[in-house]
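Visitor:
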Amino acid sequence: MAANPELEMLGRLQFQMLDSARKVPTIENVVSSVDLGCALDLKAIALRARNIEYDPQRFAALMMRVKEPKTTALIFATGKLVCTGAKTEQLSLTAARKYARIIQKLGYDVKFKGFKIQNMVASCDFTLPTSLFCLANSLGKFSIYEPELFPGLVYKMKQPKVTVQIFPSGKVVIAGAQNREEISKAFEKMCPALLPFEERQLKKTPKSLSPHSLLPVLA
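Residues in the sequence shown are numbered from 53 upward in steps of one, following this note's numbering.
1) Out of ILE196, GLU200, PRO244 and ILE226, which has the shortest C-alpha to C-alpha gap to PRO77?
2) Based on the DSSP secondary-structure assignment, which residues constitute the bridge partners of GLU105?
3) So which of VAL206, GLY166, ALA147 and ILE155 has the shortest CA-CA distance to LEU99?
4) When you compare only the Cα positions, how much space is there between PRO203 and ILE196?
5) What beta strand (DSSP E) runs, 3 residues minimum, are completely inside the region 160-203?
6) Taking CYS186 as the reference, give the member of GLN170, LEU201, LEU205 and MET172 with the closest Cα.
7) Taking 8 Å as the limit between beta carbons, can you name the residues of its chain near PRO108, skipping five residues before and five after?
8) Could you compute how far the alpha carbon of PRO121 sits from the alpha carbon of MET115?
9) Distance check for PHE164 and VAL132, CA to CA, integer angstroms please.
10) THR140 lies in the alpha helix (DSSP H); which residues open and close that run?
11) Leaving aside the five residues before and after ARG149 along the sequence, list all residues of the same chain whose C-beta is less than 8 Å from its C-beta, in chain order.
12) Thinking C-alpha only, which one of GLU141, ALA125, ALA129 and GLN142 is nearest CYS135?
13) Alpha carbon to alpha carbon, how far is SER144 from VAL86?
14) On the premise that VAL83 lies in contact with GLN170, defined as a C-beta separation below 8 Å, what is that separation, rounded to the nearest angstrom?
15) Is LEU191 closer than 7 Å to TYR207 when the C-beta atoms are compared?
16) Using a Cβ-Cβ cutoff of less than 6 Å, which residues in the same chain neighbour ILE79 once the five nearest sequence positions on both sides are dropped?
17) Going by C-alpha to C-alpha distance, which of PRO212, PHE178, CYS243 and LYS241 sits closest to GLY228?
18) If you run the structure through DSSP and keep just helix, strand and coil, what is THR130?
19) Can you tell me whether DSSP reads CYS135 as helix, strand or coil?
Next comes the structure, spelled out in structure tokens:
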């Protein structure tokens, strides 16, 4: 009995989906916030602390950096502190506490209230060129691809509520997640959606087996 080339192609695509699913997204940035519980004189802090950038005419917050963990904090006069640049949730907490201690040593009655992870950014590189025009057509109204303005396709996923950026090289960036579970769910949805639109697969896929038919529901 002759082999069915379309079924063979479908089998290869499914195998590659499973293989790519083994890839693990890497956390690139964790953004957290905390309330220091007191009003702050940013100008006075800028004059006394190290590794500070403060230009109130350009931005209302004071920018402070520490080397370990390597992060940046935005500190507002209201006492709100936003920490960015950490690679894990624990490092973000450690850094936020470090900034709080620095402010406390300057004489402020610092509290540490309502620490929260606000945003997590993760990436994964499929290292396979992807046809973004074809993918954008399939994703429909929830995607934006304007290469003259931005090199990647931007997809607004509804569940989990994250933004996915997909680049021609095959690199995927997931932003807006509040925890690792949301990153994993978004990644699991995007894996099988991307593979049929790899440029090498588009060349191999039989015309009667459209890659659009292999695209799962992402909403």
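Think of the CB as a built atom: it goes at the ideal place given N, C-alpha and C, for glycine as much as any other residue.
Guide: Taking the definition as stated:
1) Considering only alpha carbons, the answer is ILE226.
2) Note: GLU105 sits in a beta bridge opposite MET115.
3) Comparing Cα-Cα distances from LEU99 to each of VAL206, GLY166, ALA147 and ILE155, the minimum goes to ILE155.
4) Going from the Cα of PRO203 to the Cα of ILE196 covers about 11 Å.
5) Runs found: 165-177.
6) CYS186 has its Cα closest to that of LEU205, out of GLN170, LEU201, LEU205 and MET172.
7) Within the same chain, Cβ atoms closer than 8 Å to the Cβ of PRO108 are found at LEU94 and LYS95, the five residues on either side in sequence being excluded.
8) Approximately 16 Å between the Cα atoms of the pair.
9) Just to set this straight, residue 132 is Lys in the shown sequence, not Val. Spanning the alpha carbons of LYS132 and PHE164 requires a straight line of approximately 10 Å.
10) According to the DSSP assignment, THR140 belongs to no alpha helix (DSSP H), since it is labelled neither H nor E.
11) Around ARG149, the same chain offers PHE164 as residues with beta carbons nearer than 8 Å, after the five sequence neighbours per side are excluded.
12) Of the listed residues, the one whose Cα sits closest to CYS135 is ALA125.
13) The straight-line gap from Cα to Cα measures roughly 11 Å.
14) That pair is a contact at about 5 Å.
15) Between TYR207 and LEU191, the C-beta spacing is below 7 Å.
16) In chain order, LYS139 and ALA174 place their CB closer than 6 Å to the CB of ILE79, counting only its own chain and leaving out the 5 sequence neighbours on each side.
17) Residue PRO212 holds the alpha-carbon nearest to the alpha-carbon of GLY228 among PRO212, PHE178, CYS243 and LYS241.
18) Coil, per DSSP.
19) It is a strand residue.
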